Amino acid sequence: MKTGVLLINLGTPDSPSTADVRKYLREFLMDPKVIDINPVSRWMLINLIIAPTRAPKSAALYKTIWTDEGSPLLFHGEKLTKKVQALLGNDTPVVLGMRYQSPSLKKALIELRDQKVDRIIALPLYPQYSSAATGSTIDELNDLKKEIKGLPEMKIIERFHHLPEFLDAMIDVAKQYDHTQYDHVMFSFHGVPERQITKTSVELGDGKCSFGSCCEVITDRNKYCYRANCIQTARELAKRLNIPKERYTICFQSRLGRTPWLQPFSDHVVTDLAKQGKKKILAFSPAFVADCLETIHEIAVEYDELFREHGGEKVQLVPSLNSNDSWAEALRKIILAN
Numbered sequence: 004m005k006t007g008v009l010l011i012n013l014g015t016p017d018s019p020s021t022a023d024v025r026k027y028l029r030e031f032l033m034d035p036k037v038i039d040i041n042p043v044s045r046w047m048l049i050n051l052i053i054a055p056t057r058a059p060k061s062a063a064l065y066k067t068i069w070t071d072e073g074s075p076l077l078f079h080g081e082k083l084t085k086k087v088q089a090l091l092g093n094d095t096p097v098v099l100g101m102r103y104q105s106p107s108l109k110k111a112l113i114e115l116r117d118q119k120v121d122r123i124i125a126l127p128l129y130p131q132y133s134s135a136a137t138g139s140t141i142d143e144l145n146d147l148k149k150e151i152k153g154l155p156e157m158k159i160i161e162r163f164h165h166l167p168e169f170l171d172a173m174i175d176v177a178k179q180y181d182h183t184q185y186d187h188v189m190f191s192f193h194g195v196p197e198r199q200i201t202k203t204s205v206e207l208g209d210g211k212c213s214f215g216s217c218c219e220v221i222t223d224r225n226k227y228c229y230r231a232n233c234i235q236t237a238r239e240l241a242k243r244l245n246i247p248k249e250r251y252t253i254c255f256q257s258r259l260g261r262t263p264w265l266q267p268f269s270d271h272v273v274t275d276l277a278k279q280g281k282k283k284i285l286a287f288s289p290a291f292v293a294d295c296l297e298t299i300h301e302i303a304v305e306y307d308e309l310f311r312e313h314g315g316e317k318v319q320l321v322p323s324l325n326s327n328d329s330w331a332e333a334l335r336k337i338i339l340a341n
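Dropping the structure here:
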């Protein structure tokens with residue numbers, strides 16, 4: 004049986020131009036899993052407010068992280084795909100697809116179909132399960148299965164934050180930093196509205212998240228709870244790195260709008276640590292497997308500036324897994340196990 008592999012990431016604008024960033028924002032934010040409000044209100048919010056006002060600002064930020072190779076998220080994804088392909092061998096084709104923009108999931112699936120695979124393993128590269136990222140990607144894959152004729156059976160790996168292969172690859176990157184030389188460690192995850200976690204709990208039949216102690220331990224009832232997934236990720240990394248509980252904080256970044264989002268907020272944590280007299284912070288972003296605007300700019304630039312404004316000296320970002328050899332090997336093991 005010939006198996007094909009589809010690696011999936013969220014997506015990136017085709018260029019840092021305002022037009023391309025606006026196009027990306029519209030596709031991304033119009034997804035009902037991302038902004039889960041009334042469709043008419045969502046259309047008005049995005050097309051009349053967010054896209055026109057945010058696109059020029061976001062384009063300026065994208066220009067600061069764009070390289071000669073293009074978007075970091077895309078070129079790391081392409082390099083990673085080639086490395087995983089080399090590890091698995093040519094009999095197991097590996098392709099990259101993005102949930103939004105290029106290369107599209109549709110194009111990737113057609114490419115695998117045309118290579119006559121009997122089975123597809125789809126791996127969304129989001130370690131922790133969330134409805135906005137994982138759930139949306141699964142919905143899109145299911146829609147494309149109905150649309151594209153001749154697709155073989157597909158297995159979707161829905162989360163991998165708990166797998167030792169992923170955690171060990173993270174530790175391999177972290178080893179370049181001695182956390183004992185920093186006053187505090189922060190594990191900053193991408194935030195989501197609390198209502199999305201509540202909805203996921205209802206849809207999947209899990210116990211309702213109370214945003215408290217219910218997330219302390221992963222069980223069959225909360226294994227699709229994003230907050231619980233994040234807490235487990237941070238604790239496993241801290242355990243492997245021997246970071247005492249009192250020396251790290253789990254927090255959430257990139258909130259949008261006024262509705263309740265997961266707390267504590269990363270920017271508030273940075274400010275509070277500076278006011279406490281902390282001088283150096285080591286920052287992990289374990290929700291991202293490839294560096295992007297949220298890591299390269301939001302953490303390494305914005306949070307560093309915020310920290311300095313309140314008396315701190317340095318916020319040091321631990322790079323994402325990107326296209327490291329250890330990450331490619333981890334994916335090989337995860338794929339073979341499935």
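Residues in the sequence shown are numbered consecutively from 4, following my numbering.
In this text, a Cβ means the ideal position worked out from N, Cα and C, and glycines have one as well.
For clarity, every value in this text was computed on a predicted model and none was experimentally measured.
Among residues of its own chain, excluding the 5 on either side of residue i, which ones have a beta-carbon nearer than 7 Å to its beta-carbon?
{"i": "His182", "result": "Val188, Leu244, Ile246, Leu285"}
{"i": "Gly153", "result": "Arg116"}
{"i": "His132", "result": "Contrary to the premise, residue 132 reads as Tyr rather than His in this sequence. Cβ within range, chain order: Glu161, Arg162, Tyr227, Tyr229, Asn232."}
{"i": "Glu168", "result": "Ala333, Lys336, Ile337"}
{"i": "Val176", "result": "Val321, Pro322, Leu324, Asn327"}
Just mark residue i as buried or exposed, buried being the case when its beta carbon has 16 or more other beta carbons within 10 Å.
{"i": "Gly100", "result": "buried"}
{"i": "Lys86", "result": "buried"}
{"i": "Trp330", "result": "buried"}
{"i": "Asn327", "result": "buried"}
{"i": "Val98", "result": "buried"}
{"i": "Gln88", "result": "buried"}
{"i": "Thr298", "result": "buried"}
{"i": "Ala125", "result": "buried"}
{"i": "His271", "result": "exposed"}
{"i": "Asn225", "result": "buried"}
{"i": "Leu28", "result": "buried"}
{"i": "Arg261", "result": "exposed"}
{"i": "Gln199", "result": "buried"}
Mind checking who residue i pairs with in its DSSP beta bridge?
{"i": "His187", "result": "Ile284"}
{"i": "Arg122", "result": "Thr6, Glu156"}
{"i": "Val318", "result": "Ile284"}
{"i": "Phe192", "result": "Phe255"}
{"i": "Phe268", "result": "Phe255"}
{"i": "Gly14", "result": "Tyr103"}
{"i": "Pro127", "result": "Ile11"}
Express the C-alpha separation of residue j and residue i in angstroms, rounding to a whole number.
{"i": "Arg57", "j": "Leu296", "result": "14 Å"}
{"i": "Ser134", "j": "Ala293", "result": "20 Å"}
{"i": "Thr95", "j": "Gly14", "result": "24 Å"}
{"i": "Asn41", "j": "Ser257", "result": "22 Å"}
{"i": "Leu108", "j": "Ile11", "result": "8 Å"}
{"i": "Lys110", "j": "Asp275", "result": "46 Å"}
{"i": "Lys119", "j": "Trp69", "result": "36 Å"}
{"i": "Gly81", "j": "Leu91", "result": "Note that residue 81 is Glu in the sequence shown here, rather than Gly. One C-alpha to the other measures close to 15 Å."}
{"i": "Ile338", "j": "Gly280", "result": "45 Å"}
{"i": "Phe190", "j": "Gln235", "result": "11 Å"}
{"i": "Phe192", "j": "Glu114", "result": "33 Å"}
{"i": "Leu240", "j": "Val43", "result": "42 Å"}
{"i": "Ile302", "j": "Ser18", "result": "22 Å"}
{"i": "Ile159", "j": "Val8", "result": "10 Å"}
{"i": "Arg238", "j": "Ser269", "result": "17 Å"}
{"i": "Met47", "j": "Asp23", "result": "20 Å"}
{"i": "Ala201", "j": "His79", "result": "Looking at the sequence provided, one finds Thr at residue 201 rather than Ala. Taking the straight line from one Cα to the other gives about 33 Å."}
Note down, in chain order, each residue of its chain lying with its Cβ closer than 6 Å to the Cβ of residue i, except the 5 sequence neighbours on either side.
{"i": "Ala277", "result": "Phe310, His313, Gly314, Gly315"}
{"i": "Asp307", "result": "Val318"}
{"i": "Arg102", "result": "Leu13, Gly14, Thr140"}
{"i": "Lys5", "result": "Val120, Asp121"}
{"i": "Tyr129", "result": "Ala136, Thr137"}
{"i": "Trp264", "result": "Gly194, Pro196, Arg258"}
Which residues mark the beginning and the end of the beta strand (DSSP E) in which residue i is found?
{"i": "Asn349", "result": "Past the boundaries of the shown model lies residue 349; the chain is included only from 4 to 341, so the question cannot be answered."}
{"i": "Arg100", "result": "Correcting the residue identity first, residue 100 is Gly in this sequence and not Arg. Run containing Gly100: 97-103, per the beta strand (DSSP E) assignment."}
{"i": "Phe169", "result": "Looking at the DSSP string, Phe169 is not in any beta strand (DSSP E); the run it does join, the alpha helix (DSSP H), is 167-177."}
{"i": "Gln256", "result": "251-256"}
Quick one: give me the first and last residue of the alpha helix (DSSP H) that residue i is part of.
{"i": "Gly80", "result": "75-91"}
{"i": "Pro42", "result": "42-47"}
{"i": "Arg29", "result": "21-32"}
{"i": "Gln235", "result": "229-244"}
{"i": "Pro55", "result": "54-68"}
{"i": "Asn145", "result": "139-150"}
{"i": "Arg112", "result": "Rather than Arg, the amino acid found at residue 112 in this sequence is Leu. Its alpha helix (DSSP H) spans residues 108-117."}
{"i": "Arg261", "result": "Note, Arg261: premise wrong, no alpha helix (DSSP H); not H, not E."}
Skipping 5 residues on each side, what residues in its chain have a beta carbon closer than 8 Å to that of residue i?
{"i": "Val37", "result": "Phe31, Ala135, Ser139"}
{"i": "Tyr185", "result": "Lys283, Ile284, Leu285, Gln319"}
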